[in-house]
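Residue numbers (the working numbering): -5 to 428.
Written below as structure tokens is the structure these notes are about.
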């Protein structure tokens, strides 16, 4: 099958701009070192601080996301703002913090709390509507209602990396138990259904997990397994030459999009449907397509970029000289004839976010066939997103169960995965022929 360049480029751009968890914060980056200086902490101190809330630095993609989570440093000025917002005096707040063991009697609030967000969340937690404290009596009543023993409860929580000590209120515990019980246990039957959905044999699944230092024995539910498999199947675009700064630019751009807006989700789903229709076209190259089909491909590319608020410029480049190339001309190409393809990605304000060079050698290699294989494997996983279940908020803004995925983001990533996979090729090879 010929390399159909425009479709490959469309998928490359889509995935280059995805806020995938594969991109983690780089501690060697100067922006991270500057942030440590700003907050007056060492990396070890920050890692210890994050661990209290169950986070690690790997949970953050860049400094801006870390800053958004922690918020501003707590100062006397924003402390006074917080007191006004919650109609408290400083003495009343101190008494509350001392009562609950968060502050020593002679300790200053700004010494006990490093960041404003931590104090604000704690105050909001303590002043919001109380839940039912977990005691032997209330726990016994809960277990009777759930028709389970304490040992079964402990085992359920341990299977998801938690313990009973992680909970203060019955309502929070009930929400987690409901969520965990709603997941699909891995049995021979459900595992077979999962494998059929993603088009892998059990041997291929175990090989994929082993290549990532993982094992099927580490999973008890289909939903958790599906999220790991999705992560492991994400394509690697290092060969496209995107730098860490460019990836950060793209991720920061994505953070400005309201991806939870129902209109955004609706438009993305419509794009997915159109791309799936395109995947049914019978073609090896653009000459096999009708004018209407070529127009639809161009329209989808345009609408996809508009949805993600991006613009793209294409150039043919050789010996340092760049020649502008329209997307219409690109659609007609099946080879670059020895030229490199240079791509610039802009936001709608005209700021250059990233650029990348696809060399002529890349087009003569197996790069795009490998990309298409990765994309199609990933596109299978989106079907499992339909059985993932978001978790309701907990009492006093408590944390959700650790295994609760960022549902909206995963759904959007899944839709794009499916669309891009269908957009490229309809044939594939996963770990060789079955």
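C-beta atoms are modelled at their ideal positions from N, C-alpha and C, and glycine is treated no differently.
Given the structure is predicted, the values throughout are model-derived calculations rather than measurements.
For the stretch 276 to 328, list the alpha helix (DSSP H) runs that are entirely contained and at least 4 residues long, ordered along the chain. Here the runs fully enclosed are 285 to 301, 321 to 325.
Between residue 202 and residue 216, which are expected to be in contact by the criterion C-beta below 8 Å, what is the C-beta distance as a whole number of angstroms? With 8 Å as the limit, residue 202 and residue 216 do not qualify as a contact, their Cβ atoms being about 15 Å apart.
Residue 24 versus residue 244 - alpha carbon distance: Near 18 Å, if we compare the C-alpha coordinates of residue 244 and residue 24.
Among 70, 312, 98, 348, nearest to residue 235 - alpha-carbon criterion: When only C-alpha atoms are compared, the closest one is 348.
Here's the rule I'm using: 16 or more other beta-carbon atoms within 10 Å means buried, otherwise exposed. How should residue 114 be labelled? By the neighbour-count definition (other C-beta atoms within 10 Å, threshold 16), residue 114 is a buried residue.
Any alpha helix (DSSP H) of 4 or more consecutive residues that is wholly inside the stretch 3 to 90: Counting only runs of 4 or more, we get 24 to 33, 37 to 45, 57 to 64, 70 to 79.
Check whether residue 177 and residue 136 have beta carbons under 8 Å apart: Not a contact, by the Cβ cut-off of 8 Å.
Just to confirm, is the Cβ distance from residue 126 to residue 159 under 8 Å? Taking 8 Å as the Cβ cut-off, residue 126 and residue 159 do not qualify as a contacting pair.
For residue 169, count neighbouring Cβ atoms within 10 angstroms of its own Cβ and tell me buried if that reaches 16, exposed if not. Looking at its Cβ environment, which holds 16 or more other Cβ atoms inside 10 Å, residue 169 is buried.
Whose C-alpha, out of 80, 70, 131, 58, is nearest the C-alpha of residue 28? For residue 28, the closest of 80, 70, 131, 58 by C-alpha to C-alpha distance is 58.
Bridge partners - residue 341, DSSP secondary structure assignment: Bridge partners of residue 341: 304.
Could you check whether the stretch 305 to 320 touches the stretch 331 to 341, counting it as contact only if at least three pairs of C-beta atoms, one from each stretch, sit closer than 8 Å? Segment contact: the stretch 305 to 320 against the stretch 331 to 341, three or more CB-CB distances shorter than 8 Å; contact assigned.
Stretch pair the stretch 86 to 99 + the stretch 38 to 52: three plus CB contacts closer than 8 Å: The answer is no - the stretch 38 to 52 does not touch the stretch 86 to 99, with fewer than three Cβ pairs under 8 Å.
What three-state label does DSSP hand residue 256 in the structure shown? Three-state result, residue 256: helix.
By how many angstroms is the C-alpha of residue 111 removed from the C-alpha of residue 63? Cα atoms of residue 63 and residue 111: separation of roughly 8 Å, rounded to the nearest angstrom.
Count the other C-beta atoms from every protein chain shown that fall within 10 angstroms of the C-beta of residue 196, then say buried if there are 16 or more, exposed otherwise. Residue 196 counts as exposed, since fewer than 16 other beta carbons sit within 10 angstroms of its beta carbon.
In terms of alpha-carbon separation, which member of 103, 315, 353, 42 lies closest to residue 71? Cα-wise, what sits closest to residue 71 is 103.
Note down the Cα distance separating residue 192 from residue 184, rounded to an integer number of angstroms. The straight-line gap from Cα to Cα measures roughly 13 Å.
Can you tell me which of 318, 352, 241 puts its alpha carbon nearest to the alpha carbon of residue 346? Among 318, 352, 241, the Cα nearest to that of residue 346 is on 241.
Using the three-state DSSP reduction, which class does residue 333 fall into: helix, strand or coil? Reduced to three states, the DSSP call for residue 333 is coil.
From the DSSP output, in three-state form, read off residue 350 for me. In this structure, residue 350 counts as strand in the three-state DSSP scheme.
With distance defined between alpha-carbon atoms, name the residue in 117, 294, 56 nearest to residue 75. Checking every option, the nearest Cα to that of residue 75 belongs to 117.
From residue 189 to residue 218, what distance separates their C-alpha atoms? About 14 Å.
Contacting residues, own chain, Cβ-Cβ under 7 Å from residue 389 (five flanking each side not counted): For residue 389, the predicted model reports a pLDDT of 43, less than 50, meaning its position is unreliable; a value from the coordinates is still stated below. Cβ-Cβ distances below 7 Å link residue 389 to 125, 163, 165, 166 in the same chain, with the five nearest sequence neighbours on each side left out; the list follows chain order.
Does DSSP put residue 163 in a helix, a strand or coil? If DSSP states are grouped into helix, strand and coil, residue 163 belongs with the strands.
I'd like the list of long-range same chain contacts for residue 33, defined as Cβ closer than 7 Å, with 5 residues on each side in sequence excluded. Cβ neighbours of residue 33 beyond the five flanking positions: 67.
Leaving out five residues before and five after residue 41 in sequence, what residues of the same chain have Cβ atoms less than 8 Å from its Cβ? So the list reads 50, 51, once near-sequence residues are dropped.
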